[in-house]
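*Asks:* My questions all concern the structure below.
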Amino acid sequence: MERLTSPRPPERPVLFVAREPDETLRTFLPVIDRLQADYETPCSVLFHHAPGDWARAALAERGVPLYEVALPGQTLPAGLGRLPGAATVDEIARLSRARALAQRMLREIGPSAVVVIQDTLLLERFLVREANAAGLPTLVVQWAFSYPQEMYDRLRKIQYAPATPQRERSPLRQRIGPLTRTVYQSILGALGLRFTLVESYGGGEAEQFAVMGSAFRDQFVAQGVRKREIVVTGHPTHDAVYRRAQTADAAARLAIRQQYGMPLTETVALYATQPVLWRKVISHETLEANVRAMAEAIQTIDGCTLVLKLHPREHAEDYAFCQTLDPPVTVLTQAEMPDLIAACDLFISSSSSTVLLAMLLDRPIVTVNFDEVPHFDQFEPIGGTVHVRTHGAFADAVWSLLTDSVARDRLRRKREEVVERYTRFDGKAAARIAAVIAGSLGLPLRDTVGAATGAHP
Numbered sequence: 005m006e007r008l009t010s011p012r013p014p015e016r017p018v019l020f021v022a023r024e025p026d027e028t029l030r031t032f033l034p035v036i037d038r039l040q041a042d043y044e045t046p047c048s049v050l051f052h053h054a055p056g057d058w059a060r061a062a063l064a065e066r067g068v069p070l071y072e073v074a075l076p077g078q079t080l081p082a083g084l085g086r087l088p089g090a091a092t093v094d095e096i097a098r099l100s101r102a103r104a105l106a107q108r109m110l111r112e113i114g115p116s117a118v119v120v121i122q123d124t125l126l127l128e129r130f131l132v133r134e135a136n137a138a139g140l141p142t143l144v145v146q147w148a149f150s151y152p153q154e155m156y157d158r159l160r161k162i163q164y165a166p167a168t169p170q171r172e173r174s175p176l177r178q179r180i181g182p183l184t185r186t187v188y189q190s191i192l193g194a195l196g197l198r199f200t201l202v203e204s205y206g207g208g209e210a211e212q213f214a215v216m217g218s219a220f221r222d223q224f225v226a227q228g229v230r231k232r233e234i235v236v237t238g239h240p241t242h243d244a245v246y247r248r249a250q251t252a253d254a255a256a257r258l259a260i261r262q263q264y265g266m267p268l269t270e271t272v273a274l275y276a277t278q279p280v281l282w283r284k285v286i287s288h289e290t291l292e293a294n295v296r297a298m299a300e301a302i303q304t305i306d307g308c309t310l311v312l313k314l315h316p317r318e319h320a321e322d323y324a325f326c327q328t329l330d331p332p333v334t335v336l337t338q339a340e341m342p343d344l345i346a347a348c349d350l351f352i353s354s355s356s357s358t359v360l361l362a363m364l365l366d367r368p369i370v371t372v373n374f375d376e377v378p379h380f381d382q383f384e385p386i387g388g389t390v391h392v393r394t395h396g397a398f399a400d401a402v403w404s405l406l407t408d409s410v411a412r413d414r415l416r417r418k419r420e421e422v423v424e425r426y427t428r429f430d431g432k433a434a435a436r437i438a439a440v441i442a443g444s445l446g447l448p449l450r451d452t453v454g455a456a457t458g459a460h461p
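Using the numbering used here, the first residue of the sequence shown is number 5, and each one after it goes up by one.
Here's what the structure looks like:
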């Protein structure tokens, strides 16, 4: 049952739809700030997950109305779920309810434009379709470093593999399967529920797509994404990284270390972990063995220590063993990644957006894939890091980057090439995205701030 937690704003707002409350809101907030400051345009945010305290506070501080809805769940009684055709009937019912919810929210909020993180998700696809039908501008904003779709498919197979082997379909079911799918698609088409989706973040029906860098534009086009316009804007959260890069002097680095309880005088190797247990790509025992091996390698360098920053999907108790190491390894659960990266001397990860952040902040980087995890080799062909697959190679890479200035300079040149292809790093990404939205609405830039904000693409 949907519930509205704020009254309808007096003017037609730009509606931002949040997929994962706090993380996607970090992408949206800088754009909201620019729309409100540069174009005097009201904004609203629609959550279909319960937002956290940080998200609520951030929106309240800006006077941005917040809406919450619940996505449609199973429609059939549990006892009917195993009947033949029940799953199909339930899915059609969920699609119909999602469309009705999207229509309801557009009527309630009355937006001037709709901005989403991914226009292939259940609610977002209907919001975008209904907005398009109403003549409203629609935009997808790339919110994270994206793998090619086949990588996500491999990860889903691992993560959601059934606990018990599935029975092979009978010859009859194999023969009628294609016919059943054709009938199903025909029913969806007749009911106006059918979508032709490209498996990517921007593979739905939104008119425009704002991407981080030219490499992502090429990747999405190769995957079949077609938009009226794909705009290379940079990423909004990189603007804060840009500002941090301009101020990351010795005093700032010391202040950050003090704030987060990091060693003040030692050389810090920062390891940004990945949700390997959540994705079920390695075991807890393997995770512990890898961290122990990294800590031992780093401790062989005088004055060097390891600090871990956990991924938001991870749990601190899974890393309790770090306190038993000699010396204990610091584990951080809540911190601003750009600050931590700016304060470290060496960055370690496997494959995530944080690797790109470390490149932007000019840190030497080691990427690791000790256990043949599919997506952990992502940055090997991209470049800009020293990529290793064994504990021994990790020890060698750390030693080289911390003790050899020639190796560090060689890697820096490679990082610069990657940054050029994968983002626009000048502190103006949010202003560019706001300008795309404002341009689609025909809004003039405020005269008093135009030059200062760099709002034009």
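Heads up, the beta-carbon is just placed ideally off N, CA and C, and yes, glycines get one too.
Count the other CB atoms, across all protein chains shown, that sit within 10 Å of the CB of Gly238; report buried if there are 16 or more and exposed otherwise.
*Replies:* That one is buried.
*Asks:* Is the beta carbon of Val370 closer than 8 Å to that of Phe398?
*Replies:* Taking 8 Å as the Cβ cut-off, Phe398 and Val370 qualify as a contacting pair.
*Asks:* Residue range of the beta strand (DSSP E) that Gln262 falls in?
*Replies:* Not the beta strand (DSSP E): Gln262 falls in the alpha helix (DSSP H), residues 254 to 264.
*Asks:* Which residue from Ala91, Leu39, His53 puts its Cα closest to that of Val73?
*Replies:* His53
*Asks:* Relative to the C-alpha of Ala22, which residue among Asp349, Gln40, Asp42, Leu70 is closest?
*Replies:* Leu70
*Asks:* Threshold first: 3 residues or longer. Then list the beta strand (DSSP E) segments lying entirely within the region 13 to 44, N to C.
*Replies:* Runs of the beta strand (DSSP E) inside the region 13 to 44: 18 to 22.
*Asks:* Return the chain-ordered ranges of every alpha helix (DSSP H) run that is complete within the region 76 to 142 and spans a minimum of 4 residues.
*Replies:* 90 to 113, 126 to 137
*Asks:* In the DSSP assignment, what are the bridge partners of Leu50?
*Replies:* Val21, Tyr71
*Asks:* Spatial neighbours of Asp123 within its chain, please: C-beta separation below 7 Å, excluding the five flanking residues on both sides.
*Replies:* Its chain contains Arg129, Val132, Val144, Gly206, Gly208, Glu209, Ala210 as the residues whose beta carbon lies nearer than 7 Å to that of Asp123, once the 5 sequence neighbours on both sides are disregarded; these appear in chain order.
*Asks:* Alpha carbon to alpha carbon, how far is Lys313 from Asp253? Give it in angstroms, no decimals.
*Replies:* 22 Å
*Asks:* Measuring CA to CA, which of Ser100, Pro46, Val333 is closest to Ala117?
*Replies:* Pro46
*Asks:* Hey, could you find the ends of the alpha helix (DSSP H) Tyr246 is sitting in?
*Replies:* 240 to 251
*Asks:* Is it true that the CB of Val311 sits closer than 8 Å to the CB of Leu365?
*Replies:* no
*Asks:* For my contact list, Ile121 and Thr241 are in at a C-beta cut-off of 8 Å; report their separation, rounded to the angstrom.
*Replies:* Ile121 to Thr241, Cβ: 13 Å. No contact.
*Asks:* Which residues mark the beginning and the end of the alpha helix (DSSP H) in which Leu360 is found?
*Replies:* 357 to 364
*Asks:* Distance, Cα to Cα, Glu95 vs Leu329?
*Replies:* 50 Å
*Asks:* May I ask you to verify whether the region 372 to 391 touches the region 253 to 272, counting CB pairs closer than 8 Å and requiring at least 3?
*Replies:* Too few Cβ pairs lie closer than 8 Å, so no.
*Asks:* What are the boundary residues of the beta strand (DSSP E) that includes Glu233?
*Replies:* Run containing Glu233: 233 to 236, per the beta strand (DSSP E) assignment.
*Asks:* What does the Cβ neighbour count give for Ala62, buried or exposed, with the cut at 16 atoms within 10 Å?
*Replies:* buried
*Asks:* Tell me where the alpha helix (DSSP H) around Lys418 begins and ends.
*Replies:* 409 to 426
*Asks:* What residue does the beta strand (DSSP E) around Ile352 start on, and which one ends it?
*Replies:* Bounds of the beta strand (DSSP E) holding Ile352 are 350 to 353.
*Asks:* Which partner residues does Val215 have in the DSSP bridge list?
*Replies:* Val236
*Asks:* Counting C-beta neighbours from all protein chains within 10 Å, is the total for Val410 16 or more, i.e. buried, or is it exposed?
*Replies:* exposed
*Asks:* Rounded to the nearest angstrom, what separates Val268 and Pro332 at their Cα positions?
*Replies:* First, the residue type needs correcting, since residue 268 is Leu and not Val in the sequence shown. So the two alpha carbons sit approximately 16 Å from each other.
*Asks:* What does DSSP give as the partner residues of Lys432 in its beta bridges?
*Replies:* Within the DSSP secondary-structure output, Lys432 pairs in no beta bridge.
*Asks:* Looking only at C-alpha atoms, which of Ala214, Ala442, Ala244, Leu258 sits nearest to Arg232?
*Replies:* Out of Ala214, Ala442, Ala244, Leu258, Ala214 has the C-alpha closest to the C-alpha of Arg232.
*Asks:* State the beta-bridge partners of Ala276 as determined by DSSP.
*Replies:* Ala276 pairs with Lys313.
*Asks:* Taking the CB atoms as reference points, tell me whether Leu127 and Ala102 lie closer together than 8 Å.
*Replies:* yes
*Asks:* Can you name, in chain order, every residue of its own chain whose Cβ lies under 8 Å from the Cβ of Arg247, other than the five neighbours on each side?
*Replies:* Gly431
*Asks:* What number of angstroms, rounded off, separates the C-alpha of Gln250 from the C-alpha of Phe374?
*Replies:* 35 Å
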